[in-house]
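Have a look at the structure below, then the notes.
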Ligand code: 0A1
Ligand code: ZN
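Numbering (the numbering used here), first residue to last: 176 to 1047.
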């Protein structure tokens, strides 16, 4: 809280700790009114043993009972705010602290807290200091043993990291369990859970024949929803052995589902804790998107066991070391399991919709930030997704075989250590013999590079030349930018047939991988023996996270949109056609929809070689975010009108297609989650959506029928969302009421029900206030808050409504949330990130909403840092 001046932590100030913790023995005694934590740390001086500096331990909201060194009570100590200072007299000693903490009133959901009927932990990044005094930094790695004691009736299940050692009854209806984790780890990976949980068991035999018990725990009301995650987990375990040579290490791997959780999930050693919404699924209650997300997150957390836990981060500036790499790994997993092209398209869309705007806004920061006030604010799309793109570029530059060698070397060399992104890249350099010092700028330089490309063709000499000019816009605190290493995967296509032409050129072009590597500010490449002017297919598969500026003729764009065999670039060309149209419509530069749009749409609709999933993404329009990102000034009304206009055009122009697709793609088969079925349902949902936009009564009946007959959540939502996109308010109310009556006992379904309403087009602030007054809403539950307020802020039309009421309202919610859960509050500051882009009135309204937050007393460092940076 803002009683202290916020402190800026800088990478350049990194110092190793003055003491190490070798081992941590915890006893956690849970009582109704409080929890007692008894912690014994075996410590040793790091450095000259004859010089014993003060020991400064992190500790927040600790009610001290006793402190001792080697059994001797410590009488002199200084405990202020978040630090305990004591003076050791030996170079090796044990430090013991007995403290009281209060999980029942801990609404920050950091440290030890109550979630529904259970008690659980969240320690990343700095939550362990809310449990006990510690050197709460990732380079301090210790072995842990944890004994939990609690009343047996409310808490029959007691879990912690590692392997189970002992358990038994105690007096007065209490019991205990002891867990031992032999792998040294930082405190952020600590976890403990106590609850009345239902468990689902399975087993996995590793590649070397070791049997691992797998267990998923959930509160009774969620217990029927854990099977899918267990299947996903086994797939992830096998895949990591095969693709990365990584075997699981403990005898047991556990997952716990928690209804109260700030993020998606957490990779605590041997005891992953998940947001219920990120792990629980049945076909009845979870849509394809949800299954997809769960499979990815289960894999992500599991993969952290190596990329993050066995090899961890030296300090929090290295966060992308584990997150970028692990996102890369989970994306590869999903690509191997399902449809690589579709996965890539969706990931790049996500990056462009979220990371590109961050990188060009007031909160732009390097993948390896150089400073922070609140580390929780740096769990960003830049650290995660751009970080994963960097790892992907290394893969592109090395090829699969060398990349795997580099990863093997990294895991072997740094096992059990806390290291840096440099260490990671150095392994890649070592195995490949390549020089990566320039490449490392990707970690330290913020902003999305722009690559401008010019074409020249000389028919007489049959020469075609591309000139690449790279630059990077200034970002806060970084005005001078250096050239980056940019791998450009490319092909040259025959303008008549779309066939790839043989490439004969000089320069840093690798014929095996079709990658041209740019390293200079300007690179010229001449391609020989081209008897006609080719069409360039550049940055295939989005081989680098850059913005390409290349003005292609309509004919060239059409060729790519119809014939590029690289599905990703075909998608990009189609999107470019839509986006150009949307931007021109927004600026009032078009009277009619250009014929090129129709040619493209028709060729997608009539191309039966395309999978349903690809067809669906090729028929989807660029998002509002994408439009905003490509406009210097945003007039919200014009943006909305432009998108509506193009949508209406597509809806009406292809009405027959939509109606026939909506019907022909229906299926009464049992639900199956596989790429083909997911694609079919996605295309059906899209077709139904467009069809409903024509106001055809039959479309609405069809949508309602799909909703009512649905045997799975994807079909149900395809029907209901189509109805929600219509003008038929009565029908919407009827179906929403039906939905709630049917599913009000199911937490995830109620969340979906809230999202559907908060996303409705005509939503007003008054409607949102009313929704928040509903019994189903709970301001202390992040999922509920995100379902209503998150969905509302994503609801472009409603949130940016001309009255601008939404801005003031959200600022009040940020202030209210700040007092309950700073992390969740801080996430909402991001909705104002682009305030400067909004034409005068809305921009000013957003700015004043931010200012009203800033004027609040007792702002958390989380909210304060983001509001200050956003306004700066
Ligand atoms: N490491 C987790 C995400 C996570 C990060 C922070 C948290 O609390 C502040 C919780 C979870 C992951 O990458 O999945
Ligand atoms: Zn992660």
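Glycine is no exception: its CB is placed at the ideal position from the N, C-alpha and C atoms.
Source: prediction; values computed, not measured.
Within 10 Å of its beta-carbon, does residue i have 16 or more other beta-carbons around it, so buried, or fewer, so exposed?
i: residue 756; result: buried
i: residue 170; result: As displayed, the chain neither begins before 176 nor continues past 1047, which places residue 170 out of reach and without an answer.
i: residue 793; result: buried
i: residue 226; result: exposed
i: residue 525; result: exposed
i: residue 238; result: exposed
i: residue 558; result: buried
i: residue 920; result: exposed
i: residue 679; result: exposed
i: residue 655; result: exposed
i: residue 324; result: buried
i: residue 1047; result: exposed
i: residue 991; result: exposed
i: residue 913; result: exposed
i: residue 178; result: Only weak support is given to the placement of residue 178: the predicted model assigns it a pLDDT of 46, under 50, and the question is left unresolved by the model.
Check residue i in the structure and name its three-state DSSP category.
i: residue 290; result: strand
i: residue 957; result: helix
i: residue 178; result: Residue confidence is low: residue 178 scores 46 on pLDDT, short of 50, so the model does not pin down where it sits. No coordinate-derived value is stated.
i: residue 1015; result: helix
i: residue 850; result: helix
i: residue 185; result: strand
i: residue 565; result: helix
i: residue 354; result: strand
i: residue 541; result: coil
i: residue 899; result: helix
i: residue 258; result: strand
i: residue 991; result: helix
i: residue 310; result: coil
i: residue 860; result: helix
Residue i bridges to which residues according to DSSP?
i: residue 712; result: 666
i: residue 602; result: DSSP output for residue 602 lists no bridge partner at all.
i: residue 976; result: Per DSSP, none; premise fails for residue 976.
i: residue 202; result: 213, 322
i: residue 632; result: 639
i: residue 275; result: 211, 238
i: residue 700; result: 641
i: residue 804; result: Looking at the DSSP assignment, residue 804 forms no beta bridge with any residue, so it has no partner.
i: residue 267; result: 219
Over what stretch of residues does the beta strand (DSSP E) that includes residue i continue unbroken?
i: residue 215; result: 210 to 220
i: residue 676; result: Unbroken run through residue 676: none, as it is neither H nor E.
i: residue 324; result: 317 to 326
i: residue 132; result: Past the edges of the chain, shown from 176 to 1047, lies residue 132, and the structure says nothing about it.
i: residue 450; result: 446 to 450
i: residue 616; result: Premise fails: residue 616 lies in the alpha helix (DSSP H), 616 to 619, not in any beta strand (DSSP E).
With distance defined between alpha-carbon atoms, name the residue in the options nearest to residue i.
i: residue 496; options: 505, 507, 483, 301; result: 483
i: residue 1049; options: 439, 275, 631, 419; result: No statement about residue 1049 is possible, as the shown extent of the chain runs from 176 to 1047 and does not include it.
i: residue 672; options: 949, 733, 990, 948; result: 733
i: residue 731; options: 807, 1028, 751; result: 751
i: residue 278; options: 638, 235, 310; result: 235
i: residue 632; options: 762, 700, 716; result: 700
i: residue 314; options: 807, 390, 485; result: 485
i: residue 814; options: 285, 975, 886, 895; result: 975
i: residue 332; options: 675, 392, 584; result: 392
i: residue 372; options: 330, 353, 408; result: 330
i: residue 224; options: 996, 195, 211; result: 195
i: residue 221; options: 316, 403, 681, 872; result: 316
i: residue 145; options: 502, 623, 340; result: Lying before the first or after the last residue shown, residue 145 is absent from the chain, which here runs from 176 to 1047.
i: residue 479; options: 433, 423, 527, 435; result: 423
i: residue 849; options: 804, 903, 787; result: 787
i: residue 358; options: 328, 425, 468; result: 425
Note the first and the last residue of the continuous alpha helix (DSSP H) segment covering residue i.
i: residue 410; result: 402 to 419
i: residue 681; result: Note, residue 681: premise wrong, no alpha helix (DSSP H); not H, not E.
i: residue 728; result: Unbroken run through residue 728: none, as it is neither H nor E.
i: residue 944; result: 940 to 947
i: residue 531; result: 531 to 534
Check whether chain B comes within 8 Å of residue i, counting only Cβ atoms and requiring the distance to be less than that.
i: residue 576; result: Given the protein chain composition of this structure (a single chain), no chain B is represented.
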